[in-house]
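Colleague:
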Amino acid sequence: MKIIKKHLIDSGIKPSYQRIRILSYLINKKNHPTVEKIHKELLHDIPTLSKTTVYNTLKQFVEKGITQIINIEDNETRYDADISTHGHFKCEKCGIVYDFRFNNKSLEISDIEDFDFLQTHLYIKGICKECKYLLNSKNSKQFEEYGEVCPANWKEGDKAMKATQEGVVEYLSEL
164 MKIIKKHLID
174 SGIKPSYQRI
184 RILSYLINKK
194 NHPTVEKIHK
204 ELLHDIPTLS
214 KTTVYNTLKQ
224 FVEKGITQII
234 NIEDNETRYD
244 ADISTHGHFK
254 CEKCGIVYDF
264 RFNNKSLEIS
274 DIEDFDFLQT
284 HLYIKGICKE
294 CKYLLNSKNS
304 KQFEEYGEVC
314 PANWKEGDKA
324 MKATQEGVVE
334 YLSEL
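Every number in our numbering is 163 more than the matching position in the sequence shown, counting from 1.
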């Protein structure tokens, strides 16, 4: 908490309890959340937290350059505390957004050679390796029936589905 508080102060942001918790969530979870996701996750610990507070805090973080907006979908704004140049891959099955690194200097871009780039955003959509495995297994029909069962989306205590040689089975994750 002390490091996050210092980071906020160094960025010119007053370190309120809500701001510290929101930035801590972004840094520790790395799940590219929406305002709604952050609000839902923190509401238990901060019952007075409103969606407006979360939205305004994230807006301030973006303005101060300590968080970036990710707009992979037109109707979905996500946030990322990793402000380094990197890309995002969104799985079309489970909805998880993964970070990936790329060399910005080696991108071959034509028709705008004399332009100065201020930001680079690279978004890719597809199917993650966990969902791909489940879809390609002999149990893909069962996988489709259960919906979002990608192991990347599991968290401690979740009831989840797992592909095995015997079929898709329900279990409590061990994460």
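Even glycine gets a Cβ: it sits at the ideal position worked out from N, Cα and C.
Being a predicted model, the structure only gives us computed values, none of them experimental.
Between the Cα of Thr215 and those of His207, Phe224, His202, spot the shortest distance and give me the residue it belongs to.
Modeller: Along the sequence shown, one-based indexing puts residue 215 at 52. The option with the nearest alpha carbon to Thr215 is His202.
Colleague: From which residue to which residue does the beta strand (DSSP E) around Glu226 run?
Modeller: The residue given as residue 226 occupies position 63 in the sequence shown. Looking at the DSSP string, Glu226 is not in any beta strand (DSSP E); the run it does join, the alpha helix (DSSP H), is 214-226.
Colleague: Can you tell me the Cα-Cα spacing of Pro178 and His170, whole angstroms?
Modeller: Numbered from its first residue, the sequence shown carries residue 178 at position 15. Numbered from its first residue, the sequence shown carries residue 170 at position 7. For Pro178 and His170, the distance between alpha carbons rounds to 9 angstroms.
Colleague: Would you check if the segment 279-296 and the segment 247-259 touch, i.e. whether three or more CB-CB distances between them fall below 8 angstroms?
Modeller: yes
Colleague: For Asn299, name the three-state secondary structure that DSSP assigns.
Modeller: On the sequence shown, position 136 is the one that residue 299 refers to. It is helical.
Colleague: Our contact map puts Ile190 next to Arg182 with C-beta atoms below 8 angstroms; I'd like the distance itself, whole angstroms only.
Modeller: Here residue 190 refers to the residue found at position 27 when the sequence shown is read from its first residue. Here residue 182 refers to the residue found at position 19 when the sequence shown is read from its first residue. Going by Cβ atoms, the distance from Ile190 to Arg182 rounds to 12 angstroms, so no, they are not a contact pair.
Colleague: Return the first residue and the last residue of the alpha helix (DSSP H) that Gln181 is part of.
Modeller: What you label residue 181 is simply residue 18 of the sequence shown in a count that begins at 1. Run containing Gln181: 180-192, per the alpha helix (DSSP H) assignment.
Colleague: Identify whether Asn234 lies in helix, strand or coil by the three-state DSSP scheme.
Modeller: Reading the sequence shown from its first residue, position 71 is the one you call residue 234. Three-state DSSP puts Asn234 in a strand.
Colleague: Could you check how far apart the C-beta atoms of Ile232 and Thr240 are, in whole angstroms? I think they sit under 8 angstroms.
Modeller: Translated into positions along the sequence shown, residue 232 becomes position 69. Translated into positions along the sequence shown, residue 240 becomes position 77. About 6 angstroms separates the two Cβ atoms, so the contact holds.
Colleague: For Val260, write down the residues that DSSP places opposite it in a beta bridge.
Modeller: By 1-based counting over the sequence shown, the position of residue 260 is 97. Looking at the DSSP assignment, Val260 forms a beta bridge with Lys253.
Colleague: Taking the alpha helix (DSSP H) that Asp243 belongs to, which residues open and close that run?
Modeller: Numbered from its first residue, the sequence shown carries residue 243 at position 80. Premise fails: Asp243 lies in the beta strand (DSSP E), 239-243, not in any alpha helix (DSSP H).
Colleague: Helix, strand or coil: how does DSSP classify Glu311 here?
Modeller: Mapped onto the sequence shown, residue 311 falls at position 148. Residue confidence is low: Glu311 scores 46 on pLDDT, short of 50, so the model does not pin down where it sits. Its coordinate-derived value is still stated next. Coil, per DSSP.
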